[in-house]
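All remarks here apply to the structure that follows.
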Amino acid sequence: MAGFDPDVVAYEVELPYGTTEIPEVTATATDADNVEVTINLPAELPGTATIVVVAADGKTTMTYTINFTIAPNTDVSLSDLKIDGVTVEGFNPDVVAYEVELSYGTTEIPEVTAIATDENATVTITQATSLPGTATIQVVAADGVTKKTYTVSFTIAPNNDASLSDLKIDGVTVESFDPATTEYNVVLPYGTTKVPTVTAVANDAKAKVEITQAVGLPGAATIKVTAEDDVTTRIYEVNFTVAVLKSIEITNLPMKLTYYVGEMLNIDGLVVTGTFSDGTTAVLPITIKDNISGFDSSKPTASQTITITVDGKTATYNIVIKEIPGGGGGIIIIPPVPEEDELGPDEDETDVTGVVSSGDININIELEIDNETNTAEAEIDETTLVDILENTETDETGLKTVTIEIPAIENAKAYKLTIPSTAIKSAEPSSTTIVKTEIATVTLPSNMLPPEVAKEDEKVSIIVALGDKSVLPEKLQAEIGDRPLIKLELEINGKRIAWENNMVPVTVSIPYKPTEAELADPEHITVWYIDGAGNVIPVSNGRYDPKTGMVTFTVTHFSQFAVVFVKKTFEDIVQVSWAKKQIEVLASKGIIKGINDKEFNPDASITRGDFILLLVKTLGLNVDFEDNFDDVNVDDYYYEAIGIA
């Protein structure tokens with residue numbers, strides 16, 4: 000035995016934990032031949048073995064003892080590890096770290112329990128305090144020294160929600176949207192050419208949304224939603240079709256159904272309504288160039304059928320062509336330009352001469368085309384104009400009307416008509432000259448030019464041109480969009496002058512095809528005057544007439560004018576619903592203003608000055624004045640309006 004000393008009689012021997020077999024003890028006396036040795040083994044473990052040595056004299060004895068003990072258990076393993084009463088999947092006592100993924104949305108922290116393999120070992124569990132989080136299990140062996148720590152780390156599974164919470168088309172939620180419905184069929188209004196923009200919001204903020212927009216109409220936009228787990232996906236689809244025109248119907252005949260030989264077709268008052276595949280109806284924009292056929296005024300006819308065609312659908316009405324009576328006249332028609340003479344880069348100028356009959360008069364009109372400036376120019380000499388006026392009957396107002404129609408020229412940016420100054424500088428109103436172009440129709444009173452502005456023998460040119468949007472401020476360009484911008488100018492003997500006459504307004508009509516949204520609120524289609532600095536001044540009398548397809552307004556000076564759609568409103572007019580629309584229209588046309596951009600103060604009282612200002616703006620009154628009331632100061636904002644009234 001290690002450390003044996005004959006003089007030491009007591010020994011302690013620790014046997015390994017788990018020893019059950021009693022060790023064999025042997026002993027050898029120093030005087031082996033004369034000494035008696037007796038060994039008594041313990042009956043069990045732990046226990047003590049005794050070794051009694053009797054000397055040769057038979058009296059002297061010495062007893063040795065070996066006390067056998069069992070070493071304490073060092074086992075720090077677990078026999079079971081449970082989460083909420085269920086053994087952890089794949090549990091192995093030798094594996095100390097476990098990862099447990101809980102279902103998405105779990106908020107309650109699971110309870111961890113554990114059982115030590117050795118019942119004498121001590122188990123201490125520290126539960127997780129949050130999610131994600133970790134629970135620790137410390138096992139201390141029976142020896143009080145040996146330790147082992149197990150961990151259970153809880154994570155939350157990523158969301159598998161691949162649904163949408165909102166689906167919008169051009170900013171408006173799809174009708175009857177349901178996150179569980181993945182396919183939508185959207186019928187767009189007739190005539191829609193712009194592909195709508197689809198936007199979508201995932202129900203889970205951590206989901207990824209990929210949108211593939213439609214590239215044309217008809218077409219489809221797809222929305223792929225990938226859940227946070229990066230596995231679950233859902234695809235939504237929006238199918239776009241455009242309503243098809245099923246039929247057209249004339250719901251209002253043109254005002255003019257009787258013509259004289261040589262007259263141009265006039266469709267003022269014509270209203271054509273379309274019925275579409277989606278069940279809706281709408282007034283269709285109709286132009287002579289694009290939609291009308293069958294007109295021929297070269298000879299009299301008792302009944303001529305005019306055909307209106309829109310997308311292959313037709314409707315007809317009948318007109319009468321009469322022989323011009325001896326006292327007729329009043330229309331000058333400049334003939335169309337042959338195709339080979341359209342504006343182009345090959346030549347600087349092109350001349351076209353046509354013979355047009357008006358009453359008993361044959362008129363030779365020459366149309367000169369400046370290919371460098373893209374301007375179509377025509378001139379009516381005084382003799383021709385006098386002849387026409389003499390053969391034109393006076394209407395019920397005592398005026399004679401001469402209509403000069405210049406045909407549309409491809410690529411033309413301006414139309415210039417030169418007439419004798421006497422046509423528009425009479426002292427009193429006696430006639431009206433109507434200049435019709437594809438850009439605009441301008442109605443010129445015979446007294447629009449003050450006598451001192453032009454001499455009797457001078458020539459006056461009226462220029463109707465397309466405005467240049469590119470030189471305008473970007474914000475203004477965006478507000479005008481693709482709507483018409485025109486420029487009106489006046490020249491005397493080739494020299495540009497700034498015409499202005501508050502006493503004699505000129506009427507202007509611009510052809511315009513509103514959008515579906517604009518047709519829903521046509522009162523908000525109006526006109527802006529744009530000065531040389533790009534400033535905007537509303538033209539309060541500008542209005543869209545669906546019967547003529549024209550935006551018409553009166554002006555007392557020439558400049559640039561734009562067709563716009565203005566939808567002005569105020570937050571505090573909901574309470575006066577009976578007047579809400581009228582307030583919005585008047586504000587949109589610049590006739591009234593709010594106390595600020597958001598408030599109108601509809602309950603405020605109105606002064607006599609405010610009332611007169613509103614009345615003058617609404618009626619579009621504008622005259623020169625010298626005197627005013629004594630209690631109206633020149634710096635009062637209603638000074639001019641009261642003076643006009």
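Sequential numbering from 0 applies to the sequence shown in numbering that gives the first Met the number 0.
We put the CB at the ideal spot given by N, CA and C, even for glycine.
Residues near residue i by beta carbon distance below 6 Å, same chain, minus five either side
i	result
E437	A407
K167	T198
T68	E13 and P45
S162	P178 and N202
S78	I114 and T116
Y183	V173 and V237
T121	V139
K255	N265
Given residue i as reference, the closest of the options once Cα atoms are compared
i	options	result
S539	S429, F560 and I155	F560
E23	A55, V505 and N39	N39
V243	I305, D310, T514 and D117	D310
K312	S246, T257 and I368	S246
N290	S297, I307, F275 and D277	I307
D394	T382, Y414, P428 and I423	P428
G533	A127, I21, V470 and T145	V470
T59	P41, T191 and E35	E35
V200	Y189, F176 and K193	F176
T652	G170, L130, P92 and N159	For the chain, the structure presents residues 0 to 644; residue 652 sits outside this window and is missing.
T383	T396, I403 and G397	I403
T86	G104, D32 and P109	P109
Residue i versus residue j: straight-line alpha-carbon distance, rounded
i	j	result
L475	H523	17 Å
V355	T440	Annotation note: pLDDT 37 at V355 (below 50); position unreliable, no value reported.
N410	N373	7 Å
T172	D165	7 Å
E339	G293	Reliability of the predicted coordinates at E339 is poor, the pLDDT of 46 falling under 50, and the value obtained from them is presented with this limitation in mind. If I take the Cα positions, the gap works out to 24 Å.
T27	G143	39 Å
P195	T106	42 Å
P521	Y543	6 Å
E515	I222	27 Å
S152	V111	11 Å
P483	V550	10 Å
G548	K288	13 Å
N500	D295	40 Å
E11	G89	44 Å
I433	T191	35 Å
N632	T257	55 Å
L187	K321	45 Å
L101	E473	56 Å
N158	G170	27 Å
G531	G541	20 Å
Short Cβ contact (7 Å threshold) for residue i with residue j
i	j	result
T150	A96	yes
I136	I155	no
N119	A141	yes
W527	V563	yes
A377	I418	no
N72	Y16	yes
M447	V503	yes
T442	T525	no
T272	T279	no
N492	E517	no
V75	M61	no
V208	V224	yes
Delimiting residues of the beta strand (DSSP E) encompassing residue i
i	result
E437	Neither: E437 is in no beta strand (DSSP E) and is coded neither H nor E.
I387	Unbroken run through I387 is the alpha helix (DSSP H), E381 to E389; no beta strand (DSSP E).
L283	T280 to L283
E88	Per DSSP, E88 belongs to no beta strand (DSSP E) and is neither H nor E.
R495	K494 to I496
M61	T60 to I69
L484	L484 to I491
I408	That residue, I408, is in no beta strand (DSSP E); it is neither H nor E in DSSP.
E378	T374 to E378
D32	Here D32 belongs to no beta strand (DSSP E), and DSSP marks it neither H nor E.
Cβ-based neighbour list, residue i, same chain, cut-off 8 Å, excluding 5 preceding and 5 following
i	result
R495	E488 and L489
N251	G268, L269, V270 and K546
T217	The residue asked about is misnamed: residue 217 is Pro in this sequence, not Thr. The answer, listed in chain order, is N238, F239, T240 and V241.
Where the alpha helix (DSSP H) through residue i begins and ends
i	result
Q476	E473 to I479
K288	I287 to N290
A516	E515 to A519
Close-in-space but distant-in-sequence residues of the same chain around residue i (CB under 7 Å, 5 per side omitted)
i	result
A220	V197, I210, T211, Q212, A213 and V237
heavy atom of the ligand GTP below 6 Å from residue i C-beta
i	result
M502	In the structure on display, the ligand GTP does not appear, and there are no ligands present to speak of.
Residue-level contact to chain D via CB, residue i, 7 Å cutoff
i	result
P188	Judged by its chain identifiers, the structure shown contains no chain D, having just a single protein chain.
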